[in-house]
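These notes concern the structure reproduced below.
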Amino acid sequence: MKYRNFGKLDWQPSALGFGCMRLPTTDNQPLGANINEELVIRMIRNAIDKGVNYIDTAYPYHQGNSEIVVGKALQDGYRERVKLADKLPVWLVNEPADFDRLLDEQLHKLSTDHIDFYLLHALTRKRWSDIVLKHDLIKKAEAAIKDGRIRYLGFSFHDSYDVFEEIIKAYDWTFCQIQYNYMDISNQAGIKGLKLAASRGIGVVVMEPLLGGHLANPPASVRDAMDQVADLYTPADLALKWIWNQPEVSLVLSGMSSMEQVDENLLSADGSAVNSFTTTEKKAIAALRKSYRSGIAVPCTNCKYCMPCPHGVEIPANFEFFNHAYLYNDLAAAKFRYSIYLTPSQRSDKCIACKECEDKCPQKIEISSWMPKVTEMLSA
């Protein structure tokens, strides 16, 4: 396993971190509550045995069950071998006392007395001003550091660069977590945010390196852009190593759903290096980026932060089928899935454009504008 720098902290994380948002389930429901505990425990321990030393979970992952299973996986001496990251669900904070209530609940679920890296989860401008600042949550976090329940404070982020810059400069953060991949160099914090954080000695954890799996399984039209490096990389390997190529990145989180993915990502991490990309590899990334942008209509990553819709619309599923038609040039299959897998109450035509989901969407997708387009294409 390769190890990297973590900002100004005197500790080196493994290049690969284990993200516990997309764990395998017994009913094959992505992000569902029924985690395959036996398999997940073997996956996490396999990763730790092979050098991974950063495990990341969050309060809402797998409908609250991710923390519980992570806690079980870290028994038998594994907790002492890793740094554990977890996140405060700031949207559930209605008063300062909620900070301690939620943190103590997380510690209990994780079966641990401390969390090494604690993040204010999914900050946006509104959450920063209306919750974090209003309830003085940084002061609450500093008290938790003092009493030993958490070690270091950071935040994860889903908004525009100007908001990221404001938050970064507001406090002496140890680390931050941003969405970053070769398709998101200008979205959200982007490459400007990456460089800003690194310049201030802040460790940068990268999430969504494969954009919800899209970059790992490109359609044939996009795979053509890999011709010049196809004998050296799989699409997932190239996407991950593009991130590791950048010295400002502290570690890359991967949400792994099978033991095969764990082993593949471990192998990829073992071959990672800073400033190792050649001109040929950089051209391949540029070609892939261009091909993807020509095919994806809606940049939805299926994170489900927009859910639940107050009117019952299954927003990510509607976008998934809509994008399928574009990516694979397969309108018939997209219509079939729309009609079979969504009940009438879950379809796009039930959207009333209340825009509640748009405040929650990390990608800042204008969901209410897209839903009529989904209806027009897929319901005919």
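This note's numbering puts the first residue of the sequence shown at 145, with every later residue one more than the last. We treat Cβ as the ideally placed atom computed from N, Cα and C, and that holds for glycine.
Distance between residue 412 and residue 146 (C-alpha atoms, nearest Å): 10 Å
Nearest neighbour of residue 351, chosen from 343, 376, 382, 394 [CA to CA]: 394
Three-state secondary structure (DSSP) of residue 483: helix
Own chain residues within Cβ distance below 6 Å of residue 171, not counting five before or after: 178
CB contact flag (residue 338, residue 392, <7 Å): yes
Where residue 366 sits in the DSSP three-state scheme: helix
Distance, residue 447 Cα to residue 251 Cα: 24 Å
Any 3 or more C-beta pairs closer than 8 Å across the segment 259-279 and the segment 296-311: yes
Residue from 155, 159, 154 with nearest C-alpha to residue 390: 159
C-alpha distance - residue 223 paired with residue 407, whole-angstrom precision: 21 Å
Residue 271 vs residue 234 beta-carbon contact at 7 Å: yes
Bridge-paired residues (DSSP) for residue 261: 229, 296
Three-state class that DSSP yields for residue 289 in the structure shown: helix
Strand pairing of residue 147, partner residues [DSSP]: 158
Residue from 502, 460, 475, 400 whose Cα sits closest to the Cα of residue 199: 400
Residue 420 versus residue 215 - alpha carbon distance: 37 Å
Rounded Cβ spacing between residue 254 and residue 228 (contact assumed at less than 8 Å): 7 Å
Touching by the beta-carbon criterion (3+ pairs, under 8 Å), the segment 341-348 and the segment 366-379: no
The segment 375-386 contacting the segment 455-463, beta-carbon criterion three pairs below 8 Å: no
Secondary structure of residue 198, DSSP reduced to three states: strand
Bounding residues of the alpha helix (DSSP H) (the contiguous stretch that carries residue 513): 511-522
Pairwise C-alpha distance: residue 520 and residue 191: 46 Å
Residue 480 versus 493, 489, 466, 471, residue with shortest Cα-Cα distance: 466
Residue 506 vs residue 279 beta-carbon contact at 7 Å: no
Alpha-carbon to alpha-carbon, residue 324 and residue 388: 11 Å
Residue range of the alpha helix (DSSP H) that includes residue 215: 210-217
Sub-7 Å separation of residue 403 and residue 187 beta-carbons: yes
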